[in-house]
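Q:
2 protein chains.
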Amino acid sequence: MASTPQERDTDATAPATPAPGHVISIRDLKAACTSCSMRELCMPFGLDAHELAQIDTLVSSRKRLRKGEALYDLGTPFEALFAVRTGSLKTSVVAEDGREQVTGYHMLGDIVGLDGMATDQHLSRAVALEDTEVCVMQYDRIEPLAQHVPALQTNLRRFLAREISRDQSIMLMLGSMRAEERLAAFLLDLAERYRRRGYSSTQYLLRMTREEIGSFLGLKLETVSRLFSRFQQEGILRINGRDVTLLDTPALRQLCTSRD
Amino acid sequence: MASTPQERDTDATAPATPAPGHVISIRDLKAACTSCSMRELCMPFGLDAHELAQIDTLVSSRKRLRKGEALYDLGTPFEALFAVRTGSLKTSVVAEDGREQVTGYHMLGDIVGLDGMATDQHLSRAVALEDTEVCVMQYDRIEPLAQHVPALQTNLRRFLAREISRDQSIMLMLGSMRAEERLAAFLLDLAERYRRRGYSSTQYLLRMTREEIGSFLGLKLETVSRLFSRFQQEGILRINGRDVTLLDTPALRQLCTSRD
DNA sequence: CGACTAGTTGAGGCCAGTCAATGTTGGTGG
DNA sequence: CCACCAACATTGACTGGCCTCAACTAGTCG
């Protein structure tokens, strides 16, 4: 249980937990990034001490979201990028006829909101899957800062480019994998991401409902449910509601690449 | 026929057509962008005359590709971005087990190669669908130039962000549309892109095989073929090999959003 | 001419969707 | 405390859309 993702980095200097929805002012955020445990996965990645000091004022505020609350929605003006500090979010796009496609699941250290840079309006929505806190990086503050800190410029581009290749892997999954392969790939992706964050890669909590997972994978919720049951029956994993334990990772890996 | 996409902007100052594969030297490329008919869709978009003059040396060379030739492949070091000058390309990702997923079709004015910025290696491949010429924008030249031309910085980010939202629309298509809806959306997307480039939006040539279209849409080639036949029978379009004429665009549009 | 590639069309099978019944969990208010 | 409800999840029976396999045509190129 100790390895389940949970708040590890409670900021000792932070004031008493503010109410959800509360925007934490900049005055409480000196050295926001320097002291953050996610700095090596997040925007400050690879910066030296000097550069780090310069971007430490990047985070103008933080924002708390209650479960189900939207960080931004279709048409929201693009003003900032967000770094997930605690909790998690899903992003999704919606068609005119109302169909929704989940396009991403974002956890600790992930940057969300990049899509808004295309048109100065967000073309997708981001919704908290649990009580969540994000760092707000005002875009008109990033821009001039990046002019003077090339490493930040580079990181920004890399996050954009990484998002592109991430999306392309998802296309590969949606376009050419069968249901069981998709779910296996999804579970392994989660495992890898938890591992990189220092959590268990074999036991974690799903933050999405079966329906949301299905939307992400291009499947119906019943199919997702059935697959979980089957995987469990085959001894590949143990599942109890949203609590997953991977028992046979090699088998999962093999499932992903099984043009049988 | 006059409205079929074809080379419109043959550069009068260019030397005699070099052999395919030939790399055209920078000496022939003064004012590459200023005089290009695609400048308002391509990297110079929105730049004023002064800025345009500054980025006019961005294109260090051009490259000709024969049909089927690869511009870059999985693992190719990332060194440049490419702007399609004539012809067209497909981009695709390949899984370890060899499965290929076409992730994009790129025409006149499109920027390709953005995915390489994530890891300094390309994670996808780009292959010419016909004899094609691209402008080569050396990345180590873009970087310093962007430092001094903010508008270029902005454009670069916008192209990256636009690619992200493009990919997300494709995810929506792959994840939540049925076969006929996907093909309809694909045909309308092509129509719109040809329109913006000054070509007919109701009559154009497909540059991809049924198999490539299928891979892009997450379908098998037989399904694509059958759908074309059905659409023709229903009077929505006329198709003869790769020559498409859209007869009932509203019907196509309705097909895309038909949760019947 | 034969070999090859691209495309069309048909027959049949299977994977995932649909519809429906039931179980489980967590929150709310009497 | 329990009753109640809504949201989430599981499982079964059935259906159908797309895939698979296969035969055939047309065009191209050596």
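Protein chains in written order, with the working numbering: chain E, 69 to 328; chain P, 69 to 328. All C-beta atoms, glycine included, are put in the ideal place defined by N, C-alpha and C.
1) Alpha carbon to alpha carbon, how far is phenylalanine 113 of chain P from aspartate 188 of chain E? Give it in angstroms, no decimals.
2) Do you know offhand how far aspartate 208 of chain P's Cα is from glutamate 201 of chain P's?
3) Per DSSP, leucine 149 of chain E is paired with what?
4) Quick one: residues in its chain with C-beta nearer than 7 Å to the C-beta of leucine 315 of chain E, no 5 flanking neighbours on either side, listed in chain order?
5) At a Cβ threshold of 8 Å, is serine 293 of chain P touching chain E?
6) For the structure I just gave you, are there three or more beta carbon pairs, one from the segment 261-273 of chain E and one from the segment 220-229 of chain P, closer than 8 Å?
7) Residues of chain P with a CB under 7 Å from the CB of glutamine 169 of chain E: which are they?
8) Measure from the C-beta of leucine 256 of chain P to each C-beta in chain E and report whether the shortest distance is under 8 Å.
9) Say whether the segment 124-138 of chain E touches the segment 260-267 of chain E, bearing in mind that this needs 3 or more beta-carbon pairs closer than 8 Å, one atom from each stretch.
10) From the DSSP secondary-structure annotation, give me the bridge partner or partners of glutamate 164 of chain P.
11) Secondary structure at tyrosine 262 of chain E, three-state DSSP: helix, strand or coil?
12) If we count the other Cβ atoms within 10 Å of its Cβ and call it buried at 16 or more, is glutamate 164 of chain E buried or exposed?
13) Using beta carbons (cut-off 8 Å, strictly below), is cysteine 110 of chain E in contact with chain P?
14) Below 8 Å between beta carbons: does that hold for glycine 11 of chain E and methionine 106 of chain E?
15) Compare the C-beta of glutamate 290 of chain E with all C-beta atoms of chain P and state if any pair is closer than 8 Å.
16) Using the beta-carbon of each residue, which ones in chain P are nearer than 8 Å to glutamine 300 of chain E?
17) Select from P:Pro145, P:Pro218, P:Thr125 the residue whose C-alpha is nearest the C-alpha of proline 182 of chain P.
18) Within its chain, find whatever has a CB closer than 6 Å to the CB of tyrosine 140 of chain P; leave out the 5 residues flanking it on each side and keep chain order.
19) Let's test the definition: count the other Cβ atoms within 10 Å of the Cβ of aspartate 116 of chain E and tell me whether it reaches 16, buried, or not, exposed.
20) Decide if the segment 145-154 of chain E is in contact with the segment 228-243 of chain E; the criterion is three or more beta carbon pairs, one per stretch, under 8 Å apart.
21) So, does the CB of arginine 230 of chain P fall closer than 8 Å to a CB anywhere in chain E?
22) At 9 Å on the CB atoms, spell out the chain P contacts of methionine 205 of chain E, in chain order.
A: Based on what the coordinates show:
1) Looking up residue 188 of chain E in the first sequence gives position 120. Looking up residue 113 of chain P in the second sequence gives position 45. If you draw a straight line from the Cα of aspartate 188 of chain E to the Cα of phenylalanine 113 of chain P, it is about 16 Å long.
2) The residue labelled residue 208 of chain P in the question sits at position 140 within the second sequence. The residue labelled residue 201 of chain P in the question sits at position 133 within the second sequence. Spanning the two alpha carbons is a distance of roughly 21 Å.
3) Mapped onto the first sequence, residue 149 of chain E falls at position 81. Note: leucine 149 of chain E sits in a beta bridge opposite E:Met205.
4) As a first step, residue 315 of chain E must be located in the first sequence, where it is residue number 247. Cβ within range, chain order: Gly303, Ile304, Leu305, Arg306.
5) Along the second sequence, read from residue 1 onward, the residue named residue 293 of chain P stands at position 225. Chain E contact via Cβ: absent.
6) no
7) Position 101 of the first sequence, counted from the first residue, corresponds to residue 169 of chain E. Correct list: Met239, Leu240, Gly243, Ser244.
8) Here residue 256 of chain P corresponds to residue number 188 of the second sequence, with the count starting at 1. No - not a single Cβ of chain E is within 8 Å of the one on leucine 256 of chain P.
9) Fewer than three beta-carbon pairs drawn from the segment 124-138 of chain E and the segment 260-267 of chain E are found closer than 8 Å, and the two stretches are therefore not classed as touching.
10) As a position in the second sequence, residue 164 of chain P is number 96, starting the count at 1. In DSSP, glutamate 164 of chain P forms no bridge with anything.
11) If you number the first sequence from 1, residue 262 of chain E lands on position 194. Note: tyrosine 262 of chain E maps to helix in three-state DSSP.
12) Counted from its first residue, the first sequence places residue 164 of chain E at position 96. That one is exposed.
13) To locate residue 110 of chain E, count along the first sequence from 1; it is residue 42. Not an interface residue.
14) Residue 11 of chain E lies beyond the range of chain E shown here (69 to 328); nothing can be said about it.
15) Position 222 of the first sequence, counted from the start, is the residue given in the question as residue 290 of chain E. Residue contact with chain P for glutamate 290 of chain E: absent (no Cβ-Cβ distance below 8 Å to any residue of chain P).
16) Position 232 of the first sequence holds residue 300 of chain E. For glutamine 300 of chain E, there are no C-beta contacts with chain P under 8 Å, since the nearest C-beta of that chain is about 25 Å from it.
17) Within the second sequence, residue 182 of chain P is the residue found at index 114, counting from 1. It is worth fixing the name first, because residue 182 of chain P is leucine in this sequence and not proline. Selected option, being the one with the closest Cα: P:Pro145.
18) In the second sequence, counting from the first residue as 1, residue 140 of chain P sits at position 72. Counting only Cβ-Cβ distances below 6 Å, and skipping sequence neighbours, we find His190, Ala194.
19) Within the first sequence, residue 116 of chain E is the residue found at index 48, counting from 1. Exposed, since its Cβ has fewer than 16 Cβ neighbours within 10 Å.
20) No, because fewer than three Cβ pairs between the segment 145-154 of chain E and the segment 228-243 of chain E fall closer than 8 Å, the two stretches do not touch.
21) As a first step, residue 230 of chain P must be located in the second sequence, where it is residue number 162. It does; some Cβ of chain E falls within 8 Å.
22) Along the first sequence, read from residue 1 onward, the residue named residue 205 of chain E stands at position 137. Within 9 Å Cβ-Cβ: nothing; methionine 205 of chain E doesn't reach chain P, min ~14 Å.
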